[in-house]
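Structure first, commentary second.
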Amino acid sequence: MDLSSTKNTSGTETSSSSSVPSANVKSADHMDSSPRLDAILPAGSELPVVQFRGVTKKIGSKTIIDNLTLDVPRGRVFGFLGPNGSGKTTTIRMLVGLMSITSGDILIEGQNIRTHFEEAIAKVGAIVENPEMYKYMSGYQNLMQYARMSPGVDKQRISEVVQFVGLGNRIYDKVSTYSLGMRQRLGVAQALLHRPRLLVLDEPTNGLDPQGIRELRDYLRALSREEGTTVFVSSHLLSEMELMCDTVAVINGGRLVDVRHLDASTTAADGAGVKMMIRFETDQPELAAQLSGGGLVSGSSWTIAADRQEIARLNALLVNNGIAVYSITPIRETLEDQFLAMTREGERHE
Amino acid sequence: MSDFVQLVWNETLKIYLRVSTWILLIFLVVISPTMLLLMHMSEIRLGAHQAIGQSFTMYFLVILFSLIIASDSVAGEFATGTIKLLLIRPWKRWKILCSKFLSVALFTLVLTLLFLLVISVISYMLFPSSSSALFGDSEGSLFLLLLYNYIRALLLASFAFMLSALFRSTALAITLAILLYFAGNIITPLLHAFLQPKDYWIVKIFLPTNLDLTQYMKDPNGLFGVTSIGWSLMVLAVYFVIFMLISWWSFTKRDVKA
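From first to last, the protein sequence lines stand for chains A and B. For the first sequence, the residue numbers in my numbering are 1 to 350. For the second sequence, the residue numbers in my numbering are 1001 to 1258.
Below you can see the structure in the form of structure tokens.
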């Protein structure tokens, strides 16, 4: 964030204020509605947007979330991954104050959701499970409901948000006439109205068609890139998470299993000299296995561990021996495989 | 923080933007004067003011309709799931609860005033003979009649509101509220007929026997002769506080689950 642009009262630097016209106004707006901690803190220090500190949730004698400690870094799309019943939704409900916390604390921008609910929640926009709206109202009337409840949201801001999610004139139609995709967009609009620092989405792709999922993904990317909004998104859909998130925390049985940066793991696998499993689809897989002296044959495919150079060599070998090669596919160990391995381990411990 | 009035306005919109509310209002306008029409048809000689007083028999419609709206106020949000988006705003839950109850109280007031308007207009149309006391004594008693009935409606609405917050189910809250309302109406004359005077202490703290404040317009010692208007008002206040406390606990302390 540009610190110099926010205060320019000295009077001598009139030229600099005119050189950055509209961006100035926008960031000043942010400053009015909620003081940004990253502007107050010395440059370079990064306060996590969300801090879970030993969060535990018990319902009766059952422990739903067990001592969860986790920092959500600023400006990322942060995935919260786990199978059904692992405690994702419970965690999110505690994060937004819908559920009480048995022990531990959740801090949002340094504000405790338990003791300073109003201050903490003001920085959060959320969709918890499906975006359920008042069906007998128009989309616009729905947004007005939420606009009245947050300071500093005017009509100008509402039309901005409506434009961002692309609802156009349908915003004036009743929500009961909306498709699920449109409701999801209205849900995103509702969550963004008050310019939250943190956007929380619980299973946002549930029930959306591929087109809707794609749109949502684009919104989230745009938000984190252009507005610096941190996005905290939960899902059990691993493939979705891989496409959407920078960082993923894996939860199982109410416990944090792993936190990993996605881009790092995929680039390492592409590096030279790193072997990975390669599948050749050929007309004579058995012969291919004989020639190279190894690999696994199943159906019309032959799978072997190889690095980049070896793939080329193996391909030449097959072709030179008259074997038709239809396709060559690297079998990357996906997050899904890693995830399944991790959650299976978790189950074994229980 | 933005204005609390905005919250009440939000809740009011939630009531009036629904078609079902307008059906209730139309119902009220159409059905309230039936009593007057019947009296007119049987050629009973009445002054307009007496006719208005008689028409308050139909006030149960106002009570019924405010019970319906009060039952839906909290439970409806849980049923549709909108509660999740409502409670993640920078407002403490008790403030949201207050705004909800205020909107119900205002709706009950609107119903009451609409009721008064309709029966007054129809009364003056059908029984124009009364040039006598347009203003004067009966104006004061009309005001009291209105006030007492409104207090009764408000208390029953707060009861339905509590059920709504407690059970989080509109159907259950409506059914229980209406059932207990009618049961209370039936039980009062039964108690009057069969209860021994030594057991009249029950009557003193029992909600239904204290609900109808109009009993003190006929007798300052009430229907059973053991209560007074001050006493009944105090009992009602205690009940009101209990209903509000249960609503508050239910709404602010409990988790919002899936």
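Where a beta carbon is used, it is the ideal one built from N, C-alpha and C, also for glycine.
Problem set entry | Nearest-angstrom Cα separation, counted from ILE64 of chain A out to GLU46 of chain A | 30 Å
For this session: Taking C-beta pairs closer than 8 Å, name the residues in chain B that TYR146 of chain A reaches, listed in chain order.
Result: LEU1085 and ARG1089
Problem set entry | Straight-line Cα distance separating THR1209 of chain B from ILE951 of chain B | Here chain B covers residues 1001 to 1258 and nothing more, so residue 951 of chain B does not appear.
For this session: Indicate whether ILE1229 of chain B and LEU1207 of chain B have their beta-carbon atoms separated by less than 8 Å.
Result: no
Problem set entry | Selected residue, minimal CA-CA separation from ILE1205 of chain B, among B:PHE1224, B:ALA1193 and B:PRO1220 | B:PHE1224
For this session: Report whether the distance from the Cβ of THR1209 of chain B to the nearest heavy atom of the ligand SAH is below 7 Å.
Result: The model on display carries no ligand, and the ligand SAH is accordingly not part of it.
Exercise. Are the C-beta of ASN1210 of chain B and some C-beta of chain A separated by less than 8 Å?
Worked result: no
For this session: Check whether the Cβ of ASP1072 of chain B lies closer than 8 Å to any Cβ atom in chain A.
Result: no
Problem set entry | Own chain residues within Cβ distance below 7 Å of ALA1173 of chain B, not counting five before or after | SER1071, ALA1075, ALA1160, LEU1163, SER1164 and PHE1167
Exercise. What residue ranges within the stretch 133 to 214 of chain A form continuous beta strand (DSSP E) runs of no fewer than 3 residues, ordered along the chain?
Worked result: 198 to 202
For this session: Output yes or no for whether 8 Å exceeds the beta carbon distance between GLU240 of chain A and LYS1084 of chain B.
Result: no
Exercise. Around the Cβ of GLN1196 of chain B, are there at least 16 other Cβ atoms within 10 angstroms (buried) or fewer (exposed)?
Worked result: exposed
For this session: Could you tell me whether the Cβ of LEU1245 of chain B comes closer than 8 Å to any Cβ of chain A?
Result: no
Exercise. Do the stretch 51 to 70 of chain A and the stretch 84 to 103 of chain A make contact, defined as three or more Cβ pairs closer than 8 Å?
Worked result: yes
For this session: Thinking VAL325 of chain A and LEU81 of chain A are a contact (beta carbons under 8 Å), I'd like their distance in whole angstroms, please.
Result: Between LEU81 of chain A and VAL325 of chain A the Cβ distance is about 36 Å, and since that is not below 8 Å, they are no contact.
Exercise. Which two residues bound the contiguous alpha helix (DSSP H) that contains PHE1101 of chain B?
Worked result: 1093 to 1126
Exercise. Is the stretch 1052 to 1062 of chain B touching the stretch 1108 to 1125 of chain B, taking contact as three or more C-beta pairs under 8 Å?
Worked result: yes
For this session: Please report the residue range of the beta strand (DSSP E) in which ILE127 of chain A lies.
Result: 124 to 127
For this session: Given a cut-off of 8 Å, decide if TYR219 of chain A and VAL188 of chain A are closer than it, judged by their beta-carbon atoms.
Result: yes
Exercise. Nearest chain A C-beta to THR1080 of chain B closer than 8 Å, yes or no?
Worked result: yes
For this session: Measuring only between beta-carbons, confirm whether LEU1144 of chain B sits less than 8 Å from chain A.
Result: no
For this session: Using 10 angstroms around the beta-carbon of MET1217 of chain B, count the other beta-carbons present and answer buried if the total reaches 16, otherwise exposed.
Result: exposed
For this session: Note down, in chain order, every chain A residue with its Cβ under 8 Å from the Cβ of ASP1219 of chain B.
Result: Neighbours of ASP1219 of chain B on chain A: none; closest Cβ ~47 Å, over 8 Å.
Exercise. Around the C-beta of PRO359 of chain A, are 16 or more other C-beta atoms found within 10 angstroms, so that it is buried, or is it exposed?
Worked result: An answer regarding residue 359 of chain A cannot be provided, because it is not within the stretch 1 to 350 covered by chain A.
Exercise. If you pair each beta-carbon of the stretch 118 to 133 of chain A with each one of the stretch 192 to 199 of chain A, do three or more pairs fall below 8 Å?
Worked result: yes
For this session: Report the rounded CA-to-CA distance for PHE52 of chain A versus GLN190 of chain A, giving the unit in angstroms.
Result: 25 Å
Exercise. Quick one: what does DSSP say ALA264 of chain A is sitting in, helix, strand or coil?
Worked result: Residue confidence is low: ALA264 of chain A scores 48 on pLDDT, short of 50, so the model does not pin down where it sits. No coordinate-derived value is stated.
For this session: Run down chain B in chain order and give the residues with a C-beta less than 7 Å from the C-beta of TYR178 of chain A.
Result: Per Cβ cutoff of 7 Å: no residues; TYR178 of chain A is ~14 Å from chain B at best.
Exercise. Just reading off the alpha helix (DSSP H) that LEU1086 of chain B is part of, what are its end residues?
Worked result: 1083 to 1086
Problem set entry | Nearest-angstrom Cα separation, counted from PRO204 of chain A out to LYS155 of chain A | 26 Å
Exercise. Just curious, the beta strand (DSSP E) that ILE1044 of chain B is in, first and last residue?
Worked result: No beta strand (DSSP E) holds ILE1044 of chain B; DSSP gives it neither H nor E.
Exercise. Helix, strand or coil: how does DSSP classify ASP38 of chain A here?
Worked result: Low confidence applies to ASP38 of chain A: its pLDDT is 44, below 50, so where it sits in the model is not reliable, and the reading given next is rough at best. In the structure shown, ASP38 of chain A sits in a helix (DSSP, three-state: H, G or I).
Exercise. Does any C-beta atom of chain B lie closer than 8 Å to the C-beta of ALA249 of chain A?
Worked result: no
Exercise. What are the boundary residues of the alpha helix (DSSP H) that includes ASN320 of chain A?
Worked result: 308 to 320
Exercise. If SER1073 of chain B and LYS1092 of chain B are in contact, beta carbons under 8 Å, what's the gap, nearest whole angstrom?
Worked result: Actually they are not in contact, since the Cβ atoms of SER1073 of chain B and LYS1092 of chain B sit about 18 Å apart, beyond 8 Å.
Exercise. For TRP1248 of chain B versus LEU1097 of chain B, is the C-beta distance shorter than 8 Å?
Worked result: yes
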